[in-house]
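What follows is a short report on a single structure.
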Amino acid sequence: MIDEHLESLAKSSRGSHLCRIALTGGPGGGKTTAADMFRREVGARVIVVPEAATMLFSGGFPRCDEVEAQRSIQRAIFHVQRNLEDLQSARFPGRVLLCDRGTVDGGAYWPDAPEQFYTSLGTSLEAELARYDAVLFFETAAVGNFSIETGNPIRTETNQEAIALDTRLRALWCQHPNFVLIHHNHSFMAKIFEGLHVLGELIRQFANGHR
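Sequential numbering of the sequence shown, starting at 1, is according to the working numbering.
Structure below.
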């Protein structure tokens, strides 16, 4: 059972959390749905760290097209994301943290070269990747010509923009040693269940001491 593996993992935890797994990918990939379903399946031993950008924009944080404004937006998202993760790690010791996106993502949204994003924040891609024990990358449904429009006012990307973001995000996250790609599937539920299976396998690996 997954719960038994989580208990085993708690005994060998390094830091205040058991493991930190980033769920990311292009818009319309299903990562948020997968995180919520896994939390419901496993229960309180899994803590979902919500997506910082959604929280900010839902609360009225402005979205602007000006280049300097885009830089300010991504810096704000980075700091909120990082502090949300650290907050949940401190509040819930001995849990699995599922992060809806991560601090690496801003490099793909930065209007300049990705490395300039990390430099501007006094960090590096390598340092941010090292924050996570594993990465599940949910490929956007836009690659299969599936519409990603859901009526969500926070999601404004076209299919073409979603594919471009997916490509930029993957180029950054794939450098993580525990990177797993969940490909687009014409069956959304089949894709989600594949992601849930991989999450369970990752936790089993961590429980056995493989990091």
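All C-beta atoms in this analysis are idealised placements derived from N, C-alpha and C, irrespective of residue type, glycine included. A quick note: this is a predicted structure, and the numbers were derived from the prediction, not measured.
Tell me which residues share the same chain as residue i and place their Cβ nearer than 8 Å to its Cβ, disregarding the 5 neighbours each side in the sequence.
i    : result
A69  : P62
V198 : L136, V180, I182
Could you check which residue in the options has the C-alpha nearest to that of residue i?
i    : options                : result
H79  : F117, H183, H184       : F117
A171 : L125, Q81, F92         : L125
E161 : H176, N145, W173, Q175 : N145
Y132 : L202, I77, R39, G43    : L202
F137 : G195, M55, D65         : G195
L165 : G200, F38, E139        : E139
N185 : S58, G200, G30, P114   : G30
D86  : G59, I73, V49, E115    : V49
Once the 5 residues before and after residue i are set aside, which same chain residues still bring their CB inside 7 Å of it?
i   : result
R95 : H17, L18, R45, V46, I47
G28 : T140, A141, A142, I148, A162
A35 : L23, V48, L98, D100
Which residue or residues does DSSP assign as beta-bridge partners of residue i?
i    : result
R20  : L97
V135 : A22, F179
By Cβ distance below 6 Å, which residues in the same chain neighbour residue i in space, the five residues on each side in sequence not counted?
i    : result
V67  : P111
T32  : D100
T103 : F78, Q81, R82, E128
R39  : V46, V48
My guess is that residue i and residue j are in contact by the Cβ rule of under 8 Å, so how many angstroms apart are they, rounded?
i   : j    : result
R75 : L121 : 6 Å
Q81 : A52  : 4 Å
- Segments of 4+ residues assigned as alpha helix (DSSP H) that fall wholly inside the stretch 29-93: Residue ranges of uninterrupted alpha helix (DSSP H) with 4 or more members, entirely inside the stretch 29-93 and ordered along the chain, are 31-42, 52-58, 67-91.
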